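K.L.:
One structure is given below, represented as structure tokens, and several questions about it will come after.
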Amino acid sequence: MAVRSFRQHLEISLREAANDNLDVDATADTIITDLRVAGFAIKRACDPVDYALPIMVIHSPDKGTAGSFDALPHVKAASVDDLLGHAGWLVVWTEHGRARSAWFDHEGASRKLPDYRVVNPKTPCAGSAYVPLPNGKFVEVA
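Counting in our numbering, the sequence shown runs from 2 upward without gaps.
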């Protein structure tokens, strides 16, 4: 029995859903179920942000140095909804002596600033001074 890759499992699930003429919800359920049965997990790349807790803005450009900055949520707005309908926030932070602000959704992403992300700061283990980013880089937390 040959071992199939994630891509192969996904292609088979999509073909089966298309052949069965399923609606969007049933197609999503079929794909998720097929991937789980095959041993794959679907997991968030980043945790949702709780804007009631302390937040920080992380800058992780493709080139150059990454940085993290303490931030404050300023205004909540329904016009910055994410795909699940959670309202976004206008976040204010100071970066290298200059005040900056941008709208971020419930998951901490900004459409206008894709290199920036809002997170609730947490230390992976006691005494650790670095936080891992989704792109594999690490940011030093002061």
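Positions of the beta carbon are idealized from the N, C-alpha and C atoms, including for glycine. All figures in this text were calculated on a predicted structure; none of them were measured in a lab.
To the nearest angstrom, how far is the alpha carbon of Ile59 from that of Asp51?
P.N.:
So the two alpha carbons sit approximately 15 Å from each other.
K.L.:
List the endpoints of the continuous alpha helix (DSSP H) containing Ser14.
P.N.:
Per DSSP, Ser14 belongs to the alpha helix (DSSP H) from 7-20.
K.L.:
Expressed to the nearest angstrom, what Euclidean distance is found between the alpha-carbon atoms of Leu15 and Asp48?
P.N.:
Near 27 Å, if we compare the C-alpha coordinates of Asp48 and Leu15.
K.L.:
Assuming Asp76 and Trp94 make a contact with CB atoms under 8 Å, what is their CB distance in whole Å?
P.N.:
For the sequence presented, residue 76 should be read as Val rather than Asp. Contact flag wrong, Cβ pair sits at about 14 Å.
K.L.:
Thinking C-beta only, is Val119 closer than 7 Å to Val92?
P.N.:
The answer is yes: Cβ separation under 7 Å.
K.L.:
In whole angstroms, what separates the C-alpha of Val68 from that of Ser61?
P.N.:
Residue identity check: residue 68 is Gly in the sequence provided, not Val. Distance between the alpha carbons of Gly68 and Ser61 is about 7 Å.
K.L.:
Within the continuous beta strand (DSSP E) that includes Val38, where are the two ends?
P.N.:
Looking at the DSSP string, Val38 is not in any beta strand (DSSP E); the run it does join, the alpha helix (DSSP H), is 25-38.
K.L.:
When you compare only the Cα positions, how much space is there between Ala110 and Phe70?
P.N.:
In a straight line, the C-alpha of Ala110 is about 15 Å away from that of Phe70.
K.L.:
Rounded to the nearest angstrom, what separates Ala3 and Asp63 at their Cα positions?
P.N.:
Computed Cα separation, rounded: 37 Å.
K.L.:
Between the beta-carbon of Pro115 and the beta-carbon of Met57, is there less than 7 Å?
P.N.:
Not closer than 7 Å, so no.
K.L.:
Between Ile32 and Ala18, which are expected to be in contact by the criterion C-beta below 8 Å, what is the C-beta distance as a whole number of angstroms?
P.N.:
Confirmed, Cβ separation roughly 7 Å.
K.L.:
Would you list the residues sitting across from Gly68 in a DSSP beta bridge?
P.N.:
Answer is His60.
K.L.:
With 16 other CB atoms within 10 Å as the buried threshold, where does His97 fall?
P.N.:
His97 comes out exposed.
K.L.:
In angstroms with no decimal places, state the Cα-to-Cα distance between Arg45 and Arg99.
P.N.:
Whole-angstrom Cα-Cα distance: 32 Å.
K.L.:
Under a Cβ-count criterion, where at least 16 other Cβ atoms within 10 Å of its own Cβ denotes burial, should His74 be classed as buried or exposed?
P.N.:
Before going further, note that residue 74 is Pro rather than His in the sequence given. Under this definition Pro74 is a buried residue.
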